[in-house]
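Everything in the sequence shown is counted per full-length UniProt numbering, starting at 1 for the first residue and increasing by one. Notes follow the structure.
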Amino acid sequence: MVTIKTINDNPTEKLQQPKQAQKLPIFLNLTEVEALLNAPNEKTIFGIRDRAMLELLYACGLRVSELINLEYQHLSLTEEYIRIHGKGNKERMLPMGEVAMDYLSLYAEKSRPFLLKKGQTDAYFLSNRGTSMSRQNFFYIIKAYALKAGIDKPLSPHTLRHAFATHLVQQGADLRSVQLMLGHSDISTTQIYTHIQNTHLKSQHQKHHPRG
1 MVTIKTINDN PTEKLQQPKQ AQKLPIFLNL TEVEALLNAP NEKTIFGIRD
51 RAMLELLYAC GLRVSELINL EYQHLSLTEE YIRIHGKGNK ERMLPMGEVA
101 MDYLSLYAEK SRPFLLKKGQ TDAYFLSNRG TSMSRQNFFY IIKAYALKAG
151 IDKPLSPHTL RHAFATHLVQ QGADLRSVQL MLGHSDISTT QIYTHIQNTH
201 LKSQHQKHHP RG
């Protein structure tokens, strides 16, 4: 006769689940970024505004909330820096480069005064109604320009943030600097962009090496 014994503890509780592969974010290559940035019609006040927003998003890798919450007092156009209040109200100073600075200056001179309605707002980027830009407004704007630019990828403002980080890593930027610019509290979050770089290198090897 066989005796069956029962146990109170579950022996599988301490077993670790296998780690799932981290999904690589969608990002734009340099040609696609250029097409997107060139899509706005700079002969209109709205096109000037939109070009300035896209340039700044790509130049600094901002979150969309950081972009639309930007205020005049956060800008230092002479020094090419902006002050960002990110997640957890953490502040960081970001270089933006000459191109983004030039478009911000152009927007301040040629576009924003005409968008600003009665009353006053500290928001730097304004909607067509003269109020602060909403997330929904900008999602619509970037998707419309992606369509105009012929970009056949799922696109959101975060896609340009991914492009910013990916292109920095591809050009040799160290991971710690990229982490600081993105405002990541943990560098492991930033390490996803090294995986993208490895994937890019593999595809280039397969495409161009005689035995790839």
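A virtual CB, placed ideally from N, CA and C, is assigned to each residue, including glycine.
Pairwise C-alpha distance: residue 53 and residue 192: Using only the alpha carbons, I get a separation of about 25 angstroms.
Bridge-paired residues (DSSP) for residue 123: DSSP output for residue 123 lists 71 as bridge partner(s).
Selection from 131, 78, 140 and 83 that minimises the alpha carbon distance to residue 98: Residue 98 has its Cα closest to that of 78, out of 131, 78, 140 and 83.
Residue interval of the alpha helix (DSSP H) (run including residue 157): From DSSP, the alpha helix (DSSP H) with residue 157 extends over 157-170.
Pair within 8 angstroms by beta-carbon distance, residue 135 and residue 62: Pairing residue 135 with residue 62 gives a Cβ-Cβ distance that is not under 8 angstroms.
Distance CB(residue 227)-CB(residue 55) smaller than 8 angstroms: In the structure as shown, the chain starts at 1 and stops at 212, and residue 227 therefore has no counterpart that could be examined.
Distance CB(residue 121)-CB(residue 26) smaller than 8 angstroms: No, these two residues do not count as a Cβ contact at 8 angstroms.
Limits of the beta strand (DSSP E) - the one that residue 92 falls within: Counting along the chain, the beta strand (DSSP E) containing residue 92 begins and ends at 91-95.
Bridge-paired residues (DSSP) for residue 81: Secondary-structure assignment with DSSP links residue 81 through a beta bridge to 76 and 95.
Cβ-based burial, residue 66 [other Cβ within 10 Å; buried from 16]: Under the 10 Å beta carbon count, residue 66 is surrounded by 16 or more other beta carbons and is classified as buried.
Segment contact, 8 angstroms Cβ cut-off, at least three pairs: the segment 40-54 with the segment 95-115: Yes, the segment 40-54 is in contact with the segment 95-115.
Residues sharing a beta bridge with residue 132, DSSP: 126.
Buried/exposed call for residue 112, threshold 16 Cβ in 10 Å: Taking all protein chains shown into account, residue 112 has 16 or more neighbouring C-beta atoms within 10 Å of its C-beta and is therefore buried.
Rounded C-alpha distance that separates residue 137 from residue 175: Here the alpha carbons of residue 175 and residue 137 stand approximately 32 angstroms from one another.
Chain-order list of residues whose beta-carbon lies under 7 angstroms from that of residue 146 (same chain, five-residue window excluded): Excluding the 5 residues flanking it on each side, residue 146 has same chain C-beta neighbours closer than 7 angstroms at 36 and 155, in chain order.
Simplified DSSP assignment, three categories, for residue 44: Here residue 44 sits in coil by DSSP.
Exposed unless 16 or more other CB atoms sit within 10 angstroms - verdict on residue 73: Exposed, because fewer than 16 other Cβ atoms sit within 10 Å of the Cβ of residue 73.
Contact set for residue 131: own chain, Cβ-Cβ below 6 angstroms, skip 5 residues either direction: Result list for residue 131: empty, nothing under 6 angstroms.
Extent of the continuous alpha helix (DSSP H) run through residue 177: Counting along the chain, the alpha helix (DSSP H) containing residue 177 begins and ends at 175-182.
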